[in-house]
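K.L.:
Going by numbering that gives the first Met the number 0, the letters in the sequence shown line up with residues 0 to 278, in that order. The structure is given below, and queries will be raised subsequently.
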Amino acid sequence: MTDVDPHLARLRVYPVKSLDPDDRTRARVLADGGLTHDRAYAVRDADGRYVNGKREPAVHGIDATFDPESHELALRARERAAEGGALPATTFAVGEASGRDAAADWLSAYFGYPVTLEHDGTGGFPDDTTAHGPTVVSTATLDAVADWFDLGTESVRRRFRPTLELGGVPAFWEDRLYADRERVVRFRIGDAVFRGTNPCSRCAVPSRDPETGEAIAGFRETFVERREATRPDWADATWFDHHYRLAVNTAVPEATVGETLAVGDAVEVLGIDDGNPQS
């Protein structure tokens, strides 16, 4: 395609896994493949399981704001604030263990069961522990999905929670960034090379309003029908045992660790490789 200008249009990290996003203009690739401050904190229950939108819809009722300079996390319970509830909005210094413990106490009171707040500054807490790099989607794809459900693009962006968003390309252009189940696609954003591994299989979270948690009836069925009807020829069919997939998972070669991504960086497809996606 010669009439495209692929570039990084948006860079969005999620300082606390499953909570609110934070738009950035730059981010560095960390040792374990994540980006600076992306999913650097995670809430776990007493059994060590993530407290996330897949299992706990109440996460949608939390406003979370993270300050990357001070490492302070502000938490607010929207419904309780509206009802004059007893759980106050509070800011915690989560860069310190004592601050994480205090934030965990607040979250335990909110959820109604004991939780911990954990920190990993080497690459965060990704869902995919093999392809643990940032997820990639295009703005045009989010626009298309928004049209399917008569939603705003920002609502779709918050539902699917991508990290890297590409501009200058048509809808589903990112489906060029993976191959079949035996190979990966190498592509470059600025000076950072990634390996696209697979289209991301989705969970129940995109069906829910990111502010209220209210679900759209039949969301998955409608999405699957529209995604199958619009899947481009360049999307490798071997991945589509089902069509509830959107955005691209990536792996990070060792040489990319330490590189910085910036909004506006050009995107270039380099080729297809066999073998280990992390080599």
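Where a beta carbon is used, it is the ideal one built from N, C-alpha and C, also for glycine.
For E173, report the span of its beta strand (DSSP E) as first-last.
P.N.:
Unbroken run through E173: none, as it is neither H nor E.
K.L.:
Do you know how far the Cα of P198 is from the Cα of R244?
P.N.:
Those two C-alpha atoms are separated by around 6 Å.
K.L.:
Using three-state DSSP, classify H131 as helix, strand or coil.
P.N.:
Residue state, collapsed to three classes: coil.
K.L.:
Candidates S107, T259, G212: which alpha carbon is nearest L78's?
P.N.:
A small fix is needed here, since residue 78 is Glu in this sequence, not Leu. Residue G212 is the option with its Cα nearest to E78.
K.L.:
For Y40, list the residues DSSP reports as bridge partners.
P.N.:
Y40 is bridged to V15, H118.
K.L.:
State the Cα-Cα distance for the pair P5 and P231, rounded to the nearest angstrom.
P.N.:
When rounded, the distance between both Cα atoms is 17 Å.
K.L.:
With burial defined as no fewer than 16 other Cβ atoms inside 10 Å of the residue's Cβ, what is the status of A265: buried or exposed?
P.N.:
Exposed, because fewer than 16 other Cβ atoms sit within 10 Å of the Cβ of A265.
K.L.:
Helix, strand or coil: how does DSSP classify F148 here?
P.N.:
F148 falls in the helix class under three-state DSSP.
K.L.:
Tell me, which residues are paired with H6 by DSSP?
P.N.:
Answer is G166, A265.
K.L.:
Assuming contact is defined by CB atoms lying nearer than 8 Å, are R11 and D21 in contact in what I supplied?
P.N.:
A contact, by the Cβ cut-off of 8 Å.
K.L.:
What's the C-alpha gap between G132 and L269?
P.N.:
The alpha-carbon atoms of G132 and L269 are separated by roughly 17 Å.
K.L.:
Touch check for the stretch 250-267 and the stretch 217-233: three-plus C-beta pairs under 8 Å?
P.N.:
Counting Cβ pairs under 8 Å, fewer than three are found: no touch.
K.L.:
Just checking, does the stretch 225-240 make contact with the stretch 166-180 on the three C-beta pairs under 8 Å criterion?
P.N.:
Contact holds: three or more Cβ-Cβ distances are below 8 Å.
K.L.:
Between T237, V15, R185, which lies nearest to H59 when the distance is taken from Cα to Cα?
P.N.:
Considering only alpha carbons, the answer is V15.
K.L.:
Just tell me which of T115, S97, G166 has its CA closest to the CA of V136.
P.N.:
Looking at the Cα atoms, G166 is the closest of the given residues.
K.L.:
Might you give, ordered along the chain, the residues of its own chain that have their beta carbon closer than 6 Å to the beta carbon of S107, omitting 5 neighbours on each side?
P.N.:
Cβ neighbours of S107 beyond the five flanking positions: P113, V114.
K.L.:
Excluding the 5 residues preceding and the 5 following G94 in the sequence, name in chain order all residues of the same chain whose CB lies nearer than 6 Å to its CB.
P.N.:
Excluding residues within five positions, the ones whose Cβ falls inside 6 Å are H70.
K.L.:
Which parts of the stretch 186-274 are runs of the alpha helix (DSSP H), unbroken and 4 residues or longer, counting only runs that do not cross its ends?
P.N.:
Counting whole runs of 4 or more residues, the stretch 186-274 contains the alpha helix (DSSP H) stretches 218-229.
K.L.:
Residues bridged to A85 by DSSP?
P.N.:
Answer is none; A85 lacks a bridge partner.
K.L.:
Can you tell me where the alpha helix (DSSP H) with A102 in it begins and where it stops?
P.N.:
It spans 96-110 - the alpha helix (DSSP H) in which A102 sits, taken as one unbroken run.
K.L.:
Going straight from the alpha carbon of V183 to that of D272, what length do you get?
P.N.:
Those two C-alpha atoms are separated by around 5 Å.
K.L.:
Can you tell me the Cβ-Cβ gap for A254 and V192, rounded? I've got them flagged as a contact below 8 Å.
P.N.:
The pair is a contact, with the Cβ atoms about 7 Å apart (cut-off 8 Å).
K.L.:
Looking at the strands, I want to know which residues DSSP matches up with S137.
P.N.:
Bridge partners of S137: L165.
K.L.:
Whole angstroms is fine: what's the gap from R27's alpha carbon to L34's?
P.N.:
For R27 and L34, the distance between alpha carbons rounds to 6 Å.
K.L.:
CB I61 to CB F148, shorter than 8 Å?
P.N.:
No, Cβ-Cβ distance for I61 and F148 is not below 8 Å.
K.L.:
What does the Cβ neighbour count give for A39, buried or exposed, with the cut at 16 atoms within 10 Å?
P.N.:
So A39 counts as buried.
K.L.:
Can you determine whether any heavy atom of the ligand SAM sits closer than 7 Å to the C-beta of A85, and answer yes or no?
P.N.:
Ligands are entirely absent from the displayed structure, and the ligand SAM is therefore not among its contents.
K.L.:
Since I believe A145 is in contact with G151 (beta carbons under 8 Å), could you give me their beta-carbon distance rounded to a whole number of angstroms?
P.N.:
Indeed they touch by this definition, with Cβ atoms about 6 Å apart.
K.L.:
Only counting the same chain, and skipping five residues up and downstream in sequence, which positions put a Cβ closer than 6 Å to that of A45?
P.N.:
So the list reads P113, once near-sequence residues are dropped.
K.L.:
If we count the other Cβ atoms within 10 Å of its Cβ and call it buried at 16 or more, is E164 buried or exposed?
P.N.:
The residue is buried, with at least 16 neighbouring Cβ atoms inside 10 Å.
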